[in-house]
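First to last, the sequence lines map onto chains A and B. Converting from the first sequence to the working numbering requires adding 8 to each position, the first position being numbered 1. Converting from the second sequence to the working numbering requires adding 162 to each position, the first position being numbered 1.
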Amino acid sequence: MTSTDQDLVCVSNLTKRFGDLEVLKGIDFSVRAGEVVVIVGPSGSGKTTLLRSLNFLEMPTSGSVSVCGVEAVFEGGKCISPHAARLFRDIRSKTAMVFQSFNLFPHMTALQNVIEGLVSVKNVKRPEAADEGKRLLTLMGLMDKIDVYPSRLSGGQKQRVAIARSLAMKPEVMLFDEPTSALDPELRGEVLAVMRDIAKSGTTMIVVTHEMQFARDIADQVVFMDNGVIVETNPPERFFGASENMRVRAFLNGIA
Amino acid sequence: MDLFLRALPLFAMALPITLFLGTSSFIFGSVLGMLVALMRLSGVTLLRWGAFAYVSIFRGTPLLVQILLVYFGLPRLGIVLNPLASAILALTLFSASYLSENFRSGILAVEKGQWEAAATLGMSRIKTFTRIIMPQALRIATPTVGSRLIALMKDTSLASTVTVVELTRVAEQVGAASFRYLDMFLMAGVIYWTINQLLTVLQMIIEDRLSRHM
Numbered sequence: 009m010t011s012t013d014q015d016l017v018c019v020s021n022l023t024k025r026f027g028d029l030e031v032l033k034g035i036d037f038s039v040r041a042g043e044v045v046v047i048v049g050p051s052g053s054g055k056t057t058l059l060r061s062l063n064f065l066e067m068p069t070s071g072s073v074s075v076c077g078v079e080a081v082f083e084g085g086k087c088i089s090p091h092a093a094r095l096f097r098d099i100r101s102k103t104a105m106v107f108q109s110f111n112l113f114p115h116m117t118a119l120q121n122v123i124e125g126l127v128s129v130k131n132v133k134r135p136e137a138a139d140e141g142k143r144l145l146t147l148m149g150l151m152d153k154i155d156v157y158p159s160r161l162s163g164g165q166k167q168r169v170a171i172a173r174s175l176a177m178k179p180e181v182m183l184f185d186e187p188t189s190a191l192d193p194e195l196r197g198e199v200l201a202v203m204r205d206i207a208k209s210g211t212t213m214i215v216v217t218h219e220m221q222f223a224r225d226i227a228d229q230v231v232f233m234d235n236g237v238i239v240e241t242n243p244p245e246r247f248f249g250a251s252e253n254m255r256v257r258a259f260l261n262g263i264a
Numbered sequence: 163m164d165l166f167l168r169a170l171p172l173f174a175m176a177l178p179i180t181l182f183l184g185t186s187s188f189i190f191g192s193v194l195g196m197l198v199a200l201m202r203l204s205g206v207t208l209l210r211w212g213a214f215a216y217v218s219i220f221r222g223t224p225l226l227v228q229i230l231l232v233y234f235g236l237p238r239l240g241i242v243l244n245p246l247a248s249a250i251l252a253l254t255l256f257s258a259s260y261l262s263e264n265f266r267s268g269i270l271a272v273e274k275g276q277w278e279a280a281a282t283l284g285m286s287r288i289k290t291f292t293r294i295i296m297p298q299a300l301r302i303a304t305p306t307v308g309s310r311l312i313a314l315m316k317d318t319s320l321a322s323t324v325t326v327v328e329l330t331r332v333a334e335q336v337g338a339a340s341f342r343y344l345d346m347f348l349m350a351g352v353i354y355w356t357i358n359q360l361l362t363v364l365q366m367i368i369e370d371r372l373s374r375h376m
């Protein structure tokens, strides 16, 4: 796949092996600025591994990942681009990730969680960071939880704090790894609602999810993965309406 | 009763020595132990092996042997330490071997997701460690580290073998002078027990404070 100027994220011929198991089998994939891409597919299809390869929480075995023009090339399970460590930090600073299990810092309040990156990575002064943190938590509907520790928050509230923590870093791309999978059904709505708002604000998002309604409503592109390969990439109308791919149809029928 | 009154000022003088031996070697041992734990967890093979060897040696030999080696052995190498310094050095080296394992298990018990969340924020490894991992690791390690401090307080009694005048040494001396060993060692035992009960309460308070938000 050729990268164009508009591509914010570009992955080419990406593979990932865990021992003998080949989880990603040559992925080509790109995301333009402002696009919302939703990755769906059966469990074990490699969706999460692909997402985690974009910020090197998983080291790709081979291929390349480029974010905002910064490219990391992999061969033999190692990054062969010069200054790999700095490259990773650079790309990580342009991306932010929201995890399935929230991963809030339990020893910090909601506000401290949100401003930690600003203070200790971007060296923003604490009062300034706090103002920004309060603004984001208010946006998430959590103005009354600013000084509350994660243990006193519900799952949906935790995930919204985590989203605020990611937004605080002003990333070029937001990565969501099954952000609602650990939540009770009645708490999913509040998280999906803030994700809709973020999508509408023009933020580039890559979302791994099982929430088909969300994909249908919000996605610009739906990527369907199965068995380590991308089977289909289409706008949601096409994907949900008229996909001719057997595996896609089987998947959609299975979960409907 | 008169013996008790006679021994009291001597115990009063020895008590600070025992406390000093215990707390100073705990503090030095913690610093060294944390260093050894980090070496053991580092990606550098040589550091990992060094840490492994350290723990193997100082956890695998009796403290009494270590104290005697420091006191009688180091002068052979031209290093002459007074009894108190010898005891502190040996207790530090010994406790660091155990404490490093306590810290290591605390660090390993912090969820992998915490490292990942910090990494995705762009935090450096050092920042991640000091701001995110350490506070959680120390909370997890508090019970075992507390036990180690209590054990160390009792281990200070071995300093008596190299003539440090701490609680056990006083009990021995007054016992020898009065032939009332039983009474003297009982008194020493009660004092050790009291110190350690206070430490236990302190540990409970610290644990409570650290896990307030968990």
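Just so it is clear, CB atoms sit at the ideal spot from N, CA and C, and this is done for glycine as well.
Out of the options, which one is the CA nearest neighbour of residue i?
i	options	result
A:Lys3	A:Arg255, A:Arg246, A:Val215, A:Phe248	As displayed, chain A neither begins before 9 nor continues past 264, which places residue 3 of chain A out of reach and without an answer.
B:Tyr216	B:Tyr233, B:Gly191, B:Phe234	B:Gly191
A:Glu186	A:Glu219, A:Val44, A:Arg143	A:Glu219
A:Val73	A:Phe184, A:Ser61, A:Leu65	A:Ser61
B:Arg310	B:Pro297, B:Ser262, B:Met346, B:Arg287	B:Ser262
B:Asn358	B:Leu197, B:Gly308, B:Ala252	B:Gly308
B:Pro245	B:Asp370, B:Trp355, B:Thr323, B:Met196	B:Thr323
A:Gly210	A:Asp28, A:Leu150, A:Val45	A:Val45
A:Phe26	A:Gly85, A:Ala93, A:Thr103	A:Gly85
B:Leu116	B:Trp355, B:Leu344, B:Met376, B:Met366	Residue 116 of chain B cannot be examined here, being either before or after the span of chain B that is shown, 163 to 376.
A:Asp36	A:Glu140, A:Glu240, A:Leu126, A:Gly149	A:Glu240
A:Arg100	A:Asp228, A:Glu198, A:Lys178, A:Phe259	A:Lys178
A:Glu30	A:Thr57, A:His115, A:Asn131, A:Pro90	A:Thr57
A:Leu161	A:Cys18, A:Gln14, A:Phe247, A:Leu195	A:Leu195
B:Ser373	B:Leu300, B:Val336, B:Ile179	B:Leu300
A:Gly197	A:Glu180, A:Pro244, A:Glu245, A:Met148	A:Met148
A:Gln108	A:Asp228, A:Val199, A:Leu150	A:Val199
Run through DSSP, which three-state label would residue i get?
i	result
A:Met9	Summary for A:Met9: the model assigns pLDDT 44, below 50, so the residue's position carries little reliability; its value from the coordinates is reported in the next sentence. Coil.
A:Leu29	strand
A:Phe64	coil
A:Ser20	strand
B:Leu361	helix
A:Gly42	coil
A:Thr103	strand
A:Asp234	strand
B:Asp370	helix
A:Asn242	strand
A:Phe96	helix
A:Met182	strand
A:Ala190	coil
B:Ser257	helix
A:Asn261	helix
B:Ser187	helix
A:Gln120	helix
A:Thr69	coil
A:Val81	strand
A:Ile88	coil
A:Ser74	strand
B:Met349	helix
Check whether the Cβ atoms of residue i and residue j sit closer than 7 Å, and answer yes or no.
i	j	result
A:Met233	A:Ser53	yes
A:Ser128	B:Lys289	yes
B:Met361	B:Ile312	In the sequence as displayed, the identity of residue 361 of chain B is Leu instead of Met. The answer is yes: Cβ separation under 7 Å.
A:Leu16	A:Thr212	yes
A:Leu32	A:Gly236	yes
A:Met182	B:Thr282	no
B:Ile384	B:Ser186	Here chain B has residues from 163 to 376 only, and residue 384 of chain B is not among them.
A:Ala207	A:Ile226	yes
B:Glu328	B:Ala176	yes
B:Leu172	B:Arg342	no
A:Ala176	A:Val122	yes
B:Gly275	A:Asn111	yes
B:Arg287	B:Arg202	no
A:Val231	A:Ile238	yes
B:Ile229	B:Ala247	no
B:Ile294	A:Phe113	yes
A:Lys102	A:Val81	no
B:Gly337	B:Met349	no
A:Pro244	A:Arg224	yes
A:Asp205	A:Glu43	no
Taking residue i and residue j to be in contact with their CB atoms under 8 Å, please state how far apart those CB atoms are, rounded to whole angstroms.
i	j	result
B:Thr304	B:Ile368	6 Å
A:Phe259	A:Gly49	7 Å
A:Ala118	A:Leu150	6 Å
With hydrogens ignored, establish whether the beta-carbon of residue i is closer than 6 Å to any heavy atom of the ligand ADP.
i	result
B:Ala313	This structure lacks the ligand ADP, and indeed carries no ligand of any kind.
Problem set entry | Inter-stretch contact (C-beta, 8 Å, three-pair minimum) for the stretch 135-154 of chain A and the stretch 166-177 of chain A | yes
For this session: Spell out a yes or no on whether the stretch 151-158 of chain A and the stretch 316-332 of chain B are touching, meaning 3 or more CB-CB pairs, one atom from each, closer than 8 Å.
Result: no
Problem set entry | Sufficient close CB pairs (3 or more, under 8 Å) joining the stretch 255-265 of chain B to the stretch 220-236 of chain B | yes
Exercise. Can you find at least 3 beta carbon pairs, one from the stretch 162-169 of chain A and one from the stretch 184-198 of chain A, that sit closer than 8 Å?
Worked result: Contact holds: three or more Cβ-Cβ distances are below 8 Å.
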